[in-house]
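Which chain is which? The protein sequence lines are B and Y, in order. Counted from 1, the first sequence has number 113 at position 113 by my numbering; the numbering is strictly sequential. Counted from 1, the second sequence has number 1025 at position 25 by my numbering; the numbering is strictly sequential. Think of the CB as a built atom: it goes at the ideal place given N, C-alpha and C, for glycine as much as any other residue. Structure record follows, encoded as structure tokens.
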Amino acid sequence: MSLLRLTGRAARALVVKLGLVVALLALWQVLTVEAQNIFFPTPADIAVRMRELWFSGPAAHLFVTGGFTTDVVPSVARALAGWALGGLVGIAVGLVAGRWARAQGYVDPPVNFIRSLPKPAIVPLFLIVLGANDRMRIALIAFGCIWPVLLNTLQATRAVEPTLRDTGTAFGISLPRQFAMISLPAAAPRIAAGLRVSLGLALILMVLSEWSLTQHGLGNFLLTSQRSYQVLDMWAAVAMLGLLGYLLNLAFLALEKRLLAWHVGFTGTPLP
Amino acid sequence: MTVRHRSEPRALVLWRGLVGAAAVAALYQVVALAGIVDRRLLPAVPAIGREVARLAVDPDFLGAVGNTMTAVALGLLISCVAGIGGGLGLGASSLATRMTRAPIDVLRSLPSVALIPLLLMTLGDGVRMKTVVVVVVAVWPVLLNTTYGVRSVDGVAVDAARSFGLSRLRVWAGVVVPSAVPAALTGFRIALPMALTVAISSEMAAGTPSGIGGFILRTSYRDFDAAPVFAAVVLAGLIGWALNAAAAGLGNRLVPWEGRR
Chain B
1 MSLLRLTGRA
11 ARALVVKLGL
21 VVALLALWQV
31 LTVEAQNIFF
41 PTPADIAVRM
51 RELWFSGPAA
61 HLFVTGGFTT
71 DVVPSVARAL
81 AGWALGGLVG
91 IAVGLVAGRW
101 ARAQGYVDPP
111 VNFIRSLPKP
121 AIVPLFLIVL
131 GANDRMRIAL
141 IAFGCIWPVL
151 LNTLQATRAV
161 EPTLRDTGTA
171 FGISLPRQFA
181 MISLPAAAPR
191 IAAGLRVSLG
201 LALILMVLSE
211 WSLTQHGLGN
221 FLLTSQRSYQ
231 VLDMWAAVAM
241 LGLLGYLLNL
251 AFLALEKRLL
261 AWHVGFTGTP
271 LP
Chain Y
1001 MTVRHRSEPR
1011 ALVLWRGLVG
1021 AAAVAALYQV
1031 VALAGIVDRR
1041 LLPAVPAIGR
1051 EVARLAVDPD
1061 FLGAVGNTMT
1071 AVALGLLISC
1081 VAGIGGGLGL
1091 GASSLATRMT
1101 RAPIDVLRSL
1111 PSVALIPLLL
1121 MTLGDGVRMK
1131 TVVVVVVAVW
1141 PVLLNTTYGV
1151 RSVDGVAVDA
1161 ARSFGLSRLR
1171 VWAGVVVPSA
1181 VPAALTGFRI
1191 ALPMALTVAI
1201 SSEMAAGTPS
1211 GIGGFILRTS
1221 YRDFDAAPVF
1231 AAVVLAGLIG
1241 WALNAAAAGL
1251 GNRLVPWEGR
1261 R
């Protein structure tokens, strides 16, 4: 009886969680079958094409194809490397610059300006200065990822209870330890939010950086298939990018939940 | 972000900002002069400054700016209406929040620029395509932040309002919505630079000569002089910065209690 009720509850939870996704997918399938538009293949066709392109390899290769190794792996590696680099810089600068209220007037205008530079417009600059290589791509991704993290870290550090800071100073705790023991934990949820925004940005910049002068990567695959009117390949690439974005976000949320579990108990407020 | 305390004169604020900006410019000039990269590739600050002054009154560039900004403004307007409306609705019901979480996460995690080739193919390369690109990107931060704002309203405040006998509607209008405004504004301010970014991305992907992106692309192909490219990028940044400043000003006016702790 209780087992029945338990499975009933689990089924309900599953419907709540995934019901809308399934419904929307079904709607998409029906509409595209009806429309017969060459620009809009059915999701089933897209899924089959994705399998062909990337997931039909031998078992010894964990079922991934050679295409997976040339298209997907380098892209993800670039995105993650740039994200990690940009995130670290953003946190470090944000903690230090956010600590002093006086610095705000000097720091904010340049930060806001550089943050406002449209990143795609910088691609030609990075190309000119660093050349068309992985160093340039990772630098570009890192450059873009700094700002959401920096902004969130700055704001969170400034919002730290002055009492906490003054207590730290009164007890003679050294500045580096104050950053590590007071500012960082207090700002952690906002930093995590910034890192999450940056993760999405990293993928975007990854695609942008691969639009020019490379033979590898999903961004290159996407633009090549658009220019040669391989509509199905293009949709497969879009779906693959969506899948990657979703999985990366999921992984990040799981990590965040683990690392910030203490914060929920501490402040009594759930994470966003 | 640029919270100005009432006691501080405008000139002082401006002065500090200029000092900060000058420090960054000086840093750049040092790197440019250090010769780590070819000197011709990193134009000097005065050369960029001259180009900025020239482009700022160049009708060709201003037309490009107008073209891009039309799409950005339209896209942001649609995003705000949809994002704030949707966020308030979703935030009101925990069931709705849970049900829409997976589809929103899937859609949101799709890298926006991945959709540009697709939209180029189906909508062409005009303002309509750019507006759609902007909406596809800008709606999520507004929606998510508004939802988060509604959901993280102080439970004590709501209970207090209820116990004073306020109706559900009045609790919403008086407590929940005002507490969600800062979060919605944060979402808008996140969306703003993203909107400009993707609009320009779409112009560069399209390879069309329209808009700021098209202008930069054209300039960078035309000759080996890097100064105009840098100048156009700087001006694009100034536009983004002015937009952010305007949004911050709006924020200070709408929610003066935030950031003045």
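Assign residue i to buried or exposed, taking buried as 16 or more other Cβ atoms, counted over all protein chains shown, within 10 Å of its Cβ.
i: Ala1205 of chain Y; result: buried
i: Val1081 of chain Y; result: exposed
i: Met1001 of chain Y; result: Residue placement at Met1001 of chain Y cannot be trusted, given a pLDDT of 44 that sits under 50; what the coordinates show is reported in the next sentence. It counts as buried.
i: Ser1079 of chain Y; result: buried
i: Ala321 of chain B; result: Absent from the model: residue 321 of chain B. The displayed extent of chain B is 1 to 272, so no value can be given.
i: Arg1261 of chain Y; result: At Arg1261 of chain Y the pLDDT is 35, less than 50, meaning the model places this residue with poor confidence; the figure from the coordinates comes in the next sentence. Result: exposed.
i: Tyr229 of chain B; result: exposed
i: Leu199 of chain B; result: buried
i: Gln36 of chain B; result: exposed
i: Gly1214 of chain Y; result: buried
i: Val22 of chain B; result: exposed
i: Ile38 of chain B; result: exposed
i: Asp1060 of chain Y; result: exposed
i: Phe274 of chain B; result: It is not possible to answer for residue 274 of chain B, since the shown part of chain B is limited to 1 through 272.
i: Trp1015 of chain Y; result: exposed
i: Trp262 of chain B; result: exposed
i: Ser1167 of chain Y; result: exposed
i: Phe171 of chain B; result: exposed
i: Pro1256 of chain Y; result: exposed
Is the beta carbon of residue i less than 8 Å from the beta carbon of residue j?
i: Phe86 of chain B; j: Cys145 of chain B; result: At residue 86 of chain B the sequence reads Gly, which differs from the Phe that was named. Closer than 8 Å, so yes.
i: Ile1200 of chain Y; j: Ala121 of chain B; result: yes
i: Pro109 of chain B; j: Ala1021 of chain Y; result: yes
i: Leu95 of chain B; j: Thr157 of chain B; result: yes
i: Val1150 of chain Y; j: Ala1092 of chain Y; result: yes
i: Pro118 of chain B; j: Ala1226 of chain Y; result: no
i: Arg196 of chain B; j: Leu151 of chain B; result: no
i: Val1158 of chain Y; j: Val1177 of chain Y; result: no
i: Gly82 of chain B; j: Ile141 of chain B; result: yes
i: Gly1174 of chain Y; j: Thr1131 of chain Y; result: no
i: Ser1109 of chain Y; j: Tyr106 of chain B; result: no
i: Ala79 of chain B; j: Ala202 of chain B; result: yes
i: Ile1084 of chain Y; j: Ala1184 of chain Y; result: yes
i: Leu53 of chain B; j: Gly67 of chain B; result: yes
i: Met1129 of chain Y; j: Ser1202 of chain Y; result: yes
i: Gly1063 of chain Y; j: Val1142 of chain Y; result: no
Go to residue i, then tell me how far its alpha helix (DSSP H) extends in each direction, as first and last residue.
i: Trp147 of chain B; result: 134-158
i: Ala236 of chain B; result: 231-259
i: Phe1188 of chain Y; result: 1177-1206
i: Gly1149 of chain Y; result: 1127-1151
i: Ala102 of chain B; result: Before going on, a small fix: residue 102 of chain B reads as Arg here, not Ala. Counting along the chain, Arg102 of chain B falls outside any alpha helix (DSSP H), and DSSP gives it neither H nor E.
i: Gly1251 of chain Y; result: 1227-1254
i: Met206 of chain B; result: 184-209
i: Met181 of chain B; result: Taken as a continuous stretch (DSSP letters only), Met181 of chain B belongs to no alpha helix (DSSP H), as it is neither H nor E.
i: Val48 of chain B; result: 43-54
i: Asn1067 of chain Y; result: 1059-1092
i: Leu164 of chain B; result: 162-170
i: Ile38 of chain B; result: From DSSP, Ile38 of chain B is part of no alpha helix (DSSP H); its letter is neither H nor E.
i: Trp1015 of chain Y; result: 1010-1034
Taking the alpha carbon of residue i as the point to measure from, which residue in the options has its own alpha carbon closest?
i: Ser277 of chain B; options: B:Asn133, B:Trp262, B:Leu195, B:Ser228; result: No statement about residue 277 of chain B is possible, as the shown extent of chain B runs from 1 to 272 and does not include it.
i: Ser952 of chain Y; options: Y:Gly1149, Y:Leu1041, Y:Asn1145, Y:Thr1100; result: Beyond the ends of chain Y as shown, which are 1001 and 1261, falls residue 952 of chain Y; an answer cannot be given.
i: Gly1240 of chain Y; options: Y:Arg1189, Y:Gly1075, Y:Gly1017; result: Y:Arg1189
i: Arg99 of chain B; options: B:Gly67, B:Leu203, B:Leu175; result: B:Leu175
i: Ala103 of chain B; options: B:Gly200, B:Met136, B:Val64, B:Leu154; result: B:Leu154
i: Thr70 of chain B; options: B:Trp262, B:Pro185, B:Gln215; result: B:Gln215
i: Leu127 of chain B; options: B:Pro148, B:Val30, B:Gly67, B:Leu208; result: B:Leu208
i: Phe1230 of chain Y; options: Y:Leu1107, Y:Ala1047, Y:Arg1010; result: Y:Ala1047
i: Val1113 of chain Y; options: B:Leu223, B:Arg258, B:Leu260, B:Ala254; result: B:Leu223
i: Thr1097 of chain Y; options: Y:Asn1145, Y:Leu1120, Y:Ala1071; result: Y:Asn1145
i: Leu259 of chain B; options: B:Ile173, B:Pro189, B:Pro124, B:Pro43; result: B:Pro189
i: Ala1242 of chain Y; options: Y:Leu1012, Y:Ile1104, Y:Pro1193, Y:Val1106; result: Y:Pro1193
i: Ala236 of chain B; options: B:Gly8, B:Ala47, B:Val160, B:Thr32; result: B:Ala47
i: Thr1147 of chain Y; options: Y:Thr1100, Y:Leu1169, Y:Val1106; result: Y:Thr1100
For residue i, would you say it is in contact with chain D, using Cβ-to-Cβ distances shorter than 8 Å as the test?
i: Phe1230 of chain Y; result: In the displayed structure, chain D is absent; the protein chains listed are B and Y.
Chain-ordered residues of the region 1208-1224 of chain Y with a beta carbon less than 8 Å from chain B:
Residues Ile1212, Gly1213, Ile1216, Leu1217, Ser1220.
To be precise: take each residue of the region 1123-1141 of chain Y, compare its Cβ to all Cβ atoms of chain B, and keep it if any distance is under 7 Å. Which residues remain?
When C-beta distances to chain B are compared with 7 Å, every residue of the region 1123-1141 of chain Y stays at or above that value.
Which of the residues in the region 1091-1102 of chain Y, read from start to end, lie with their CB under 8 Å from any CB of chain B?
Leu1095, Arg1098, Met1099, Thr1100, Arg1101, Ala1102
Contact list for the region 1192-1203 of chain Y against chain B, Cβ threshold 7 Å
Pro1193, Leu1196, Thr1197, Ile1200, Ser1201
Chain B contacts from the region 1239-1250 of chain Y (Cβ-Cβ distance under 9 Å):
Ile1239, Gly1240, Trp1241, Ala1242, Leu1243, Asn1244, Ala1245, Ala1248
Near-chain Y residues of the region 109-128 of chain B (beta-carbon distance less than 9 Å), N- to C-terminal order:
Pro109, Pro110, Val111, Asn112, Phe113, Ile114, Arg115, Ser116, Leu117, Pro118, Lys119, Pro120, Ala121, Ile122, Val123, Pro124, Leu125, Leu127, Ile128
If contact means a Cβ-Cβ distance below 7 Å, which residues of the region 7-32 of chain B contact chain Y?
Val16, Lys17, Leu18, Gly19, Leu20, Val21, Leu24
Between the region 1058-1078 of chain Y and chain B, which residues of the former have a C-beta closer than 7 Å to a C-beta of the latter?
Within the region 1058-1078 of chain Y, contact with chain B at the beta-carbon level (separation under 7 Å) is assigned to no residue.
Against chain Y, which members of the region 74-104 of chain B pass a CB distance test of less than 8 Å?
Gln104
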